[in-house]
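**Student:** Please find one structure pasted underneath; my questions will follow.
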Ligand code: CS2
């Protein structure tokens, strides 16, 4: 007797050839990818790039005449080795799952990337690509930490070992600054135009910051090159926005079961997307305004609104929610106390600091933020939100505290968040006793300073690289001491403490 045997057929790998076999509602690239050239070299191909810039470019490539604006990715980190292997197998394609708040799901395959260089294996190939005449823009998502600035002073950190290496081995770079410098130097020698350096990181004045850091790096060794860069290279500022959770195994499984393909590099994100860019490019730019981006003369007010409301709001929910024992943003904001706390923080402690923008209704912006955070289909983990808080909080929250101090206003809701960050860094468990997954370049120092809190309630604030002179601000310190006392009291309950601050 024969039993029918279930033979599990391995799923097809996502690649150019299988695109025609995907379900018909998947938006796949129908433009001829073999005709594309890479006008953009992108350093740091993480989730955000794949859900943001690459998606705008994918839309653009659908329009005739845009063939020269495809992307060549560059990975600088050893961790990118396996990524390269995946990408080669997948013809640099990946799926994007867009999850709307109402449950609607859109599926896309993004074809904007046509090559990927794993830098540690072939540094010269990266430099050659950067000086290739097709390369008009070098864009970056290297995270806040990648810009190598001191968070409190905003000055270049010459003590970073990778930077020290790159300064003494210009032909053997490790960092983005090392590569940019090597390539720009070659372009200057060859009499070529420079490329635009376009930061797509979530940093206020990301272009100015990149320029300042690159010049600090270059001028240490070569002031002539520094002058040429200062005179010729554009660094457009931009505000970037799209909530993109970390890809999980569940996302890979989801794509396998819905699209019937094996995609080892899928990405999921929200439907909302925004990109506001200063129109300042050294050697031309793609017409991104045809595909939803906005060019403006000055991006400052847009950035401030986004960083101080969205990103700060995330950190408020992230730190307070972590202490409470929540796991995701939507879970935190669906608790009315957390939602109310967030709204009051935004209304009372941030909105008065934001310039009114023509065409933007701040009340509506905040309503939309809460809706975006509440999207039950985006499981954005608090671990992601709280990761690298040391690079984020000075810009997201401490900046607003300082502005409020200068205006003689208090910011007790933000103060509790700083105190909660101290408890978080010190105890590393939530109120249920569960260990918190903390990922921060400064985690050891954060822990070190925070763990002295029982001897000195202001100990955490002594980390002056993050807090500047907050520990000398009398009224802030008084409020902070109260917050610490409440958080460190036996049987303390974060929700009771939050409620007390709202009353
Ligand atoms: C988040 C951002 O990690 C964080 O700090 O607030 O990654 C946020 O999701 C993006 O900036 C949204 O554009």
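Residue numbers (UniProt numbering): 1 to 503.
Virtual Cβ for every residue (Gly too), placed ideally from N, Cα, C.
Please read all numbers here as calculations on a predicted model, not as lab measurements.
Considering only heavy atoms of the ligand CS2, does any lie closer than 7 Å to the CB of residue 107?
**Tutor:** no
**Student:** Residues in the same chain with beta-carbon distance under 6 Å from residue 468, minus the five sequence neighbours each way, listed in chain order, please.
**Tutor:** The answer, listed in chain order, is 152.
**Student:** Touch check for the region 254–273 and the region 373–380: three-plus C-beta pairs under 8 Å?
**Tutor:** yes
**Student:** Between the alpha carbons of residue 93 and residue 191, how many angstroms are there, rounded?
**Tutor:** 35 Å
**Student:** Leaving aside the five residues before and after residue 68 along the sequence, list all residues of the same chain whose C-beta is less than 6 Å from its C-beta, in chain order.
**Tutor:** Contacts found: 37 and 39.
**Student:** Quick one: using the 10 Å Cβ neighbour count with 16 as the cut-off for buried, is residue 2 buried or exposed?
**Tutor:** Low confidence applies to residue 2: its pLDDT is 47, below 50, so where it sits in the model is not reliable, and the reading given next is rough at best. Residue 2 should be labelled exposed.
**Student:** Ignoring anything shorter than 3 residues or poking outside the region 60–125, list the beta strand (DSSP E) runs there in chain order.
**Tutor:** As far as the region 60–125 is concerned, its whole beta strand (DSSP E) runs of at least 3 residues are 70–75, 94–99, 105–110 and 113–118.
**Student:** If residue 354 sits next to residue 409, beta carbons under 8 Å apart, how far is it from one beta carbon to the other, in whole angstroms?
**Tutor:** The Cβ separation is near 14 Å, so there is no contact.
**Student:** Assuming residue 416 contacts residue 501 (C-beta within less than 8 Å), just tell me the rounded distance between them.
**Tutor:** Residue 416 to residue 501, Cβ: 6 Å. Contact.
**Student:** Going by DSSP, name the residue or residues bridged to residue 294.
**Tutor:** 276
**Student:** For residue 140, name the three-state secondary structure that DSSP assigns.
**Tutor:** Three-state result, residue 140: strand.
**Student:** Once the 5 residues before and after residue 315 are set aside, which same chain residues still bring their CB inside 8 Å of it?
**Tutor:** Closer than 8 Å at Cβ, skipping near neighbours: 385, 386, 389, 392, 393, 396, 397 and 417.
**Student:** Does the distance from the C-beta atom of residue 424 to that of residue 323 stay below 8 Å?
**Tutor:** yes
**Student:** Counting only runs that start and end within the region 216–279, where is the beta strand (DSSP E) found for 3 or more residues in a row?
**Tutor:** 238–241, 267–270 and 274–278
**Student:** Excluding the 5 residues preceding and the 5 following residue 4 in the sequence, name in chain order all residues of the same chain whose CB lies nearer than 7 Å to its CB.
**Tutor:** Confidence at residue 4 is low in this model, with a pLDDT of 47, below 50, so the placement of that residue is unreliable and no value is reported for it.
**Student:** What first and last residue would you give for the beta strand (DSSP E) that runs through residue 284?
**Tutor:** It is not in any beta strand (DSSP E) - residue 284 carries neither H nor E in the DSSP assignment.
**Student:** What residues match up with residue 12 in a beta bridge as DSSP calls it?
**Tutor:** 261
**Student:** Check this for me: beta carbons of residue 96 and residue 116, under 8 Å apart or not?
**Tutor:** No; because the gap between Cβ atoms is not below 8 Å, this pair is not in contact.
**Student:** Say yes only if the C-beta of residue 214 is nearer than 7 Å to one or more non-hydrogen atoms of the ligand CS2, and no if none qualify.
**Tutor:** No.
**Student:** Is residue 310 close to the ligand CS2? I mean its beta-carbon at under 7 Å from any heavy atom of the ligand.
**Tutor:** yes
**Student:** Once you ignore the five residues that flank residue 178 on each side, which residues in its own chain have a CB closer than 6 Å to its CB?
**Tutor:** 166
**Student:** Can you tell me which of 451, 489, 18 and 141 puts its alpha carbon nearest to the alpha carbon of residue 241?
**Tutor:** 141
**Student:** Secondary structure at residue 588, three-state DSSP: helix, strand or coil?
**Tutor:** This structure leaves residue 588 out entirely; the chain is present only between 1 and 503.
**Student:** Rounded to the nearest angstrom, how far is the Cβ of residue 211 from that of residue 195, given a contact under 8 Å?
**Tutor:** Not confirmed; about 13 Å, so no contact.
**Student:** For residue 27, which residues does DSSP report across the bridge?
**Tutor:** 108
**Student:** Tell me the residue span of the beta strand (DSSP E) that contains residue 198.
**Tutor:** Counting along the chain, residue 198 sits inside the beta strand (DSSP E) bounded by residues 196–199.
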